[in-house]
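Heads up: the structure comes next, in structure tokens.
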Amino acid sequence: NLLSAIPYLGIDLVQWVWGGFAVDNATLTRFFTFHFILPFIVLAMTMIHLLFLHETGSNNPIGLNSNIDKIPFHPYFTYKDIVGFIIMTMILILLVLTNPYLLGDPDNFIPANPLVTPVHIQPEWYFLFAYAILRSIPNKLGGVIALVLSIAILAILPFYHLSKFRGIQFYPINK
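Printed below as a string of structure tokens:
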């Protein structure tokens, strides 16, 4: 457990998240509630982002304040986004209806046995980077710190951009 690696607070945090000393009905209820509410939180944050984007405007990578080259967001980009959304939804529906188990893991069809832990457990492909980081560092706390830093670097990286212009139009390779 990642939270148990935190010194002094780890065990208390794990028990608080679990709702007791072991994974139980309270844990499942908490995580079910979290997974139910999370899409609504993401939707609300997306709507707030779009509201602020339309109120203040987007980035100005060239740095020129002119209305000559600007086109309105609606209807041009709105229609383009709706068409893209419909195409992606149709592809997803086609995939799900024609071959629903194409992207599934075959191990999901093996009946669960709580008394025997499978030897070949590995995470899904989108968690393999975290799995590799945690497995490559023998110290549990060091692995958790390396994992948090590997994700935090993506949030810190934009603040290191010290250029005066934000677009790629003025770089010599684009001339």
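Take the sequence shown: its letter number 18 is residue 25 in my numbering, and every next letter is one higher.
Note that beta-carbon positions come from the ideal geometry of N, C-alpha and C, so glycine has one too.
Evaluate residue i with the Cβ neighbour count: other Cβ atoms within 10 Å of its Cβ, from every protein chain shown; 16 or more gives buried, anything less gives exposed.
i, result
"Ile180", "exposed"
"Leu50", "exposed"
Under 9 Å between the Cβ atoms of residue i and residue j?
i, j, result
"Pro14", "Leu156", "no"
"Leu9", "Leu101", "no"
"Thr33", "Trp25", "It should be pointed out that residue 33 corresponds to Ala in this sequence rather than to Thr. Against a cut-off of 9 Å, the Cβ pair of Trp25 and Ala33 comes out as a contact."
"Leu161", "Gly150", "no"
"Pro125", "Asp114", "yes"
If you compare alpha carbons, which of the options is closest to residue i?
i, options, result
"Asp112", "Val90, Leu60 and Pro130", "Pro130"
"Leu57", "Ile152, Phe80, His168 and Tyr138", "Phe80"
"Phe28", "Arg37, Ile18 and Thr36", "Ile18"
"Phe134", "Met54, Ile158, Tyr178 and Leu164", "Ile158"
With a threshold of 7 Å on Cβ separation, who are the neighbours of residue i within its own chain once the five nearest residues in sequence on each side are excluded?
i, result
"Leu110", "none"
"Leu20", "Leu10 and Ile13"
"Asp88", "none"
"Gln22", "Phe28"
Excluding five sequence neighbours on each side, which residues of the same chain lie with their C-beta closer than 6 Å to the C-beta of residue i?
i, result
"Met97", "none"
"Ile144", "Gly150 and Ala153"
Going along the chain, which residues of its own chain have a beta-carbon closer than 8 Å to the beta-carbon of residue i, five neighbours each way excluded?
i, result
"Tyr138", "Gln129 and Pro130"
Handout entry: Every unbroken alpha helix (DSSP H) inside the segment 97-170 [4 residues or more]
Key = 135-143 and 147-163
Practice task
Give, in chain order, every unbroken run of the alpha helix (DSSP H) that is at least 4 residues long and sits entirely within the segment 27-81.
Solution key: 32-63
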